[in-house]
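K.L.:
So that we are looking at the same thing, I have put the structure below in structure tokens.
In the working numbering, the protein residues as written are 102 to 343.
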């Protein structure tokens with residue numbers, strides 16, 4: 102049976118000379134693993150350029166229910182990026198977020214709202230001309246909403262300590278070390294209040310950006326089993342600090 106859907110390519114593992122096993126987040130089937138044969142001639146329906154991570158694509162899939170891994174037979178690029186692969190800062194942000202998605206998404210069926218958020222976000226990052234060095238922070242905040250552990254923004258004069266384990270601000274420091282102090286909590290609350298705005302200019306400075314990223318990743322580790330250290334984090338931080 103031939104199926105058609107949209108997808109965003111997350112990861113490829115080479116399997117032979119002209120074959121890869123790909124992780125693709127799809128519109129209709131969620132996170133899937135597919136076998137893909139590619140060629141290098143002009144007539145090839147699938148070329149290496151089609152398989153670049155974060156490509157947004159139309160897929161044709163030869164599906165057999167008994168197969169553990171089904172085969173993609175045709176790929177067409179849906180959204181050709183113009184800046185994402187050429188701008189160093191944007192590329193580092195995109196590669197980092199790609200690793201976050203690989204550690205966060207689960208094979209749990211279709212979630213069209215989440216799919217639309219992911220694909221639209223990378224299109225927006227591609228198009229942004231300025232003020233994108235904090236893009237990944239607000240992506241992580243909004244992604245947490247789609248994944249079910251969005252923080253409660255109940256920050257106030259009396260609730261000034263954010264509890265990373267419970268996802269809310271509290272009156273007193275909790276009886277463990279996994280919380281934000283008053284200053285970091287205030288910055289985090291400001292980010293929560295503005296995460297879905299298109300422009301974030303002047304909202305946080307460079308030092309706050311670095312610290313809030315580490316705190317957000319700590320928050321993710323409490324709420325996603327197996328969300329361990331990210332290999333792309335150090336490259337991202339050194340690039341944005343440069």
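For glycine and all other residues, C-beta sits at the position ideal for the given N, C-alpha and C.
Being a predicted model, the structure only gives us computed values, none of them experimental.
#1: For the putative contact between residue 333 and residue 200, defined by C-beta atoms under 8 Å, what is the C-beta separation to the nearest angstrom?
#2: Given a threshold of 16 other Cβ atoms within 10 Å of its Cβ, counted over all protein chains shown, does residue 221 qualify as buried or as exposed?
#3: Drop a sphere of 10 angstroms on the beta-carbon of residue 227, count the other beta-carbons inside from all chains shown, and report buried for 16 or more, exposed for fewer.
#4: Is residue 227 helix, strand or coil when you go by DSSP?
#5: State the CB to CB distance for the pair residue 277 and residue 270, rounded to an integer number of angstroms; the pair is presumed to be in contact (CB under 8 Å).
#6: Take residue 208 as the anchor and find which of 127, 121 and 319 has the nearest alpha-carbon.
#7: Near residue 342, what residues of its chain come up, given a Cβ to Cβ distance below 8 Å and the 5 sequence neighbours on each side ignored?
#8: Is the segment 103 to 110 in contact with the segment 158 to 177, if contact means three or more CB pairs nearer than 8 Å?
#9: Helix, strand or coil for residue 250, going by three-state DSSP, please let me know.
#10: Classify residue 292 as buried or exposed, calling it buried when 16 or more other Cβ atoms lie within 10 Å of its own Cβ.
#11: Terminal residues of the continuous alpha helix (DSSP H) containing residue 205?
#12: Does the separation of the CB atoms of residue 210 and residue 327 fall below 8 Å?
#13: What does the Cβ neighbour count give for residue 191, buried or exposed, with the cut at 16 atoms within 10 Å?
#14: Tell me where the alpha helix (DSSP H) around residue 163 begins and ends.
#15: Cα-Cα, which of 256, 129 and 110 is closest to residue 123?
#16: If we ignore side chains and look at the alpha-carbon of each, how far apart do residue 290 and residue 319 end up?
#17: Could you tell me which uninterrupted beta strand (DSSP E) segments, each at least 3 residues in length, are contained entirely in the segment 232 to 319, listed from first to last along the chain?
P.N.:
On the basis of the coordinates in this document:
#1: 5 Å
#2: exposed
#3: buried
#4: helix
#5: In fact, because the Cβ distance is near 15 Å, the residues do not count as touching under 8 Å.
#6: Per the C-alpha coordinates, the member of 127, 121 and 319 positioned closest to residue 208 is 127.
#7: 307 and 311
#8: Yes, the segment 103 to 110 is in contact with the segment 158 to 177.
#9: coil
#10: buried
#11: 189 to 205
#12: no
#13: buried
#14: No alpha helix (DSSP H) holds residue 163; the beta strand (DSSP E) holding it covers 157 to 163.
#15: 110
#16: 16 Å
#17: 262 to 264 and 269 to 271
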